[in-house]
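Each remark here refers to the structure printed beneath this line.
Chains as they are written, first to last, in this note's numbering: chain A, -19 to 109; chain B, 74 to 606.
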């Protein structure tokens, strides 16, 4: 099992909790300050919750696969990472209002995902062989 | 952002003080005083946006307009990086003012254009702020002249003829007032307004609202008026004379003050002088009449009294003068001409006979009345002709009487015509008519004496429709003569002699100018009739 991957999963979990709360707070702030009609607010909130669920699932599968040294959960986690990365890109670029803080948070998250996917591939390669 | 211009209201015409107007040329920019729209920008909550700033560089001569397209970065971490909702920033809910935010909201939204936070960091802010500061710190026409404690007072009668001390003197407003004041010998040293100190005590601020530079009022001259009205000018001027009781009289009471203020073109006062008339009062005097006057003079100029700027003002004397003959020079087509010479007495340039109290022409002391613009006047006298009078001498005397000693040759067409611009002056044309009635049988060829002088001044309205200026176009002096019949000796006859001034308005009715109607520009294409043409 890869120690660095495990550490990364742990840090990712904490960071993601922070990211989720910050993004939620900023959506609330945006809805107060800017004009945020419901038809735009609903998709953003829904996608944020989907991302949270996806993230929890992904981290659980990833750490389980890393600790039990099985490729299947790791592979599934990799696929889910792609999904999460897409959602992160949504929050980075296609959100209704992208604030500078959003950009910073999402960029860090995307970087973490990138690092994680690289380490997961390495771990899968190590476990297969 | 560079194409947006809020103040460009008139199509194809330059808007005043609109720096972003594309219809303005460089010459028009040099006439602007400020830019009404200093910056055009998008919503300031965006993280990075283009801003077009317009400013006037007043240091350069002529002033030029500086246009800069800069990027404004919002340092706030919550600035909008992207707004994918297109109508996002069009619907902002306005902030409800609270007692804390009221001042800031007033500053932002209170003026004619909403200001943004850009005002605090505009690029040329230093030069603009200093020029604004200079703008406000100068005196303008009519503004009360400020002193250290209040303002320069010119006591004047308000409702009745009693003096009110709260009348401020306005800058560049030449005034003369007279009013009465209650005095008594016992209280003469306590009444402030009869003592010289009251008038020269506080110093005048050189610039408006700026306490740094002050100008002291100097005493220019003191004239002492005795109880029977005799005035003497004192030699030593600088001594301040305060009211004092002397032998049941109170002396050194201020009877008149005349201020002379010297100012610069920039609206600063550099000198102030006051001339006093001091008098004395007795125990029986209950009130005195004080007269006050203030006059302004620009530094380094010789004041030529104008009768209007530029058009004549009704009531001011018509300016007139002579032109000395130029010497004909040997070169053809050049003539050394000089300007117009005027009398320094502004009321003595063009005058008519003033009726004397005893109506007798020859006993009149030569009093002349000035011709004031717009005032038709008529005056006259009666001439007693006896048989012994010689006609030619009488005719010459009457002509001198009617025209005065220095009847001018040229009249200024504008109230501010300069003496060196000869073309601005209108020559007086002279006409002679005769009252002679031709009786076919008897043709009396006796000599003629002038009996009336009529000066007709034709003037027109010149300039814009909303602010027409009076301009004198034509002046005609008509002398009417009548025959002097020989009288049998011992008899005498009285002949009325009149002189009059008439002002005629010959202005043509105003024609408003309209813009040309827009035409529809329809042209067929060049080869519309191709096969045939």
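Cβ atoms here follow ideal geometry from the backbone N, Cα and C, with glycine treated the same way.
For residue 83/A, the residues of chain B that pass the 8 Å Cβ criterion are 154, in the order they occur in the chain. Under the three-state reduction of DSSP, residue 506/B is assigned to strand. Contact annotation: residue 556/B and residue 471/B have beta-carbon atoms that are not nearer than 7 Å.
DSSP places residue 68/A in the uninterrupted alpha helix (DSSP H) bounded by 51 to 69.
A Cβ-Cβ separation of about 6 Å places residue 529/B in contact with residue 577/B under the 8 Å criterion. Identification of chain A residues near residue 151/B by a Cβ-Cβ cut-off of 8 Å yields 6, 9, 79, 80 and 81, ordered along the chain. In this structure residue 345/B is in contact with residue 277/B, their Cβ atoms being roughly 5 Å apart against a cut-off of 8 Å. Legend: CB atoms of the region 43 to 77 of chain A lying less than 8 Å from CB atoms of chain B belong to residues 73, 74, 75, 76 and 77. Chain-order list of chain B residues neighbouring residue 20/A: 158, by C-beta distance under 8 Å. For residue 455/B, no alpha helix (DSSP H) run applies; the uninterrupted beta strand (DSSP E) run containing it begins and ends at 450 to 459, by DSSP. In the three-state DSSP reduction, residue 115/B falls in the coil class, being neither helix nor strand. Taking residue 432/B as the centre and dropping the five residues before and after it, the same chain places the C-beta of 454 and 455 closer than 6 Å to its C-beta, in chain order. Uninterrupted beta strand (DSSP E) stretches at least 3 residues long and entirely within the region 222 to 256 of chain B occur at 248 to 255, given in chain order. Under the Cβ criterion of 7 Å, residue 87/B is not counted among the residues facing chain A.
Taking C-beta atoms under 8 Å as the contact rule, residue 574/B and residue 449/B qualify, at a distance of about 6 Å.
Residue 90/A is a Cβ neighbour of residue 68/A, given a cutoff of 7 Å.
Sequence-distant partners of residue 156/B (beyond 5 residues in either direction) whose C-beta falls short of 7 Å from its own C-beta, in its chain, are 162.
For the set 99/B, 521/B, 520/B and 415/B, the Cα lying nearest the Cα of residue 482/B is the one of 415/B. In this structure the region 39 to 57 of chain A does not touch the region 8 to 23 of chain A; the number of beta carbon pairs closer than 8 Å is below three.
What residue 93/B touches in chain A, judged by beta-carbon distance under 8 Å, is nothing: the nearest beta carbon there is about 28 Å away. With respect to residue 87/B, residue 76/B sits apart: the two C-beta atoms are not nearer than 7 Å.
Per DSSP, residue 435/B is not a residue of any alpha helix (DSSP H), being assigned neither H nor E. Cβ contact annotation for residue 258/B (same chain, cutoff 8 Å, sequence separation greater than five): 318, 321, 322, 323, 354, 355, 356 and 358, in chain order. It is roughly 8 Å from the alpha-carbon of residue 11/A to the alpha-carbon of residue 21/A. By the neighbour-count definition (other C-beta atoms within 10 Å, threshold 16), residue 61/A is a buried residue.
Under the three-state reduction of DSSP, residue 445/B is assigned to strand. Taking C-beta atoms as the reference points, residue 380/B and residue 392/B count as a pair closer than 7 Å. Neighbours of residue 80/B in chain A, taken as residues whose beta carbon is under 7 Å from its own, are absent, since the nearest beta carbon is some 28 Å off. With respect to the C-alpha of residue 335/B, the residue from 302/B, 362/B, 250/B and 290/B having the closest C-alpha is 290/B.
Going by DSSP, residue 394/B is part of the beta strand (DSSP E) stretching over 393 to 395. Per DSSP, residue 556/B is one residue of the beta strand (DSSP E) stretching across 541 to 556. In this structure, the straight-line span from the alpha carbon of residue -13/A to that of residue 174/B is close to 49 Å. DSSP places residue 84/A within a helical segment (H, G or I) once states are collapsed to three. The CB of residue 120/B comes closer than 7 Å to the CB of 80 in chain A, given here in chain order.
When the five nearest sequence neighbours on each side are left out, the beta carbons in the same chain lying within less than 7 Å of the beta carbon of residue 142/B are those of 75, 123 and 125, in order along the chain.
Residue 97/B places its beta carbon 7 Å or farther from that of residue 108/B.
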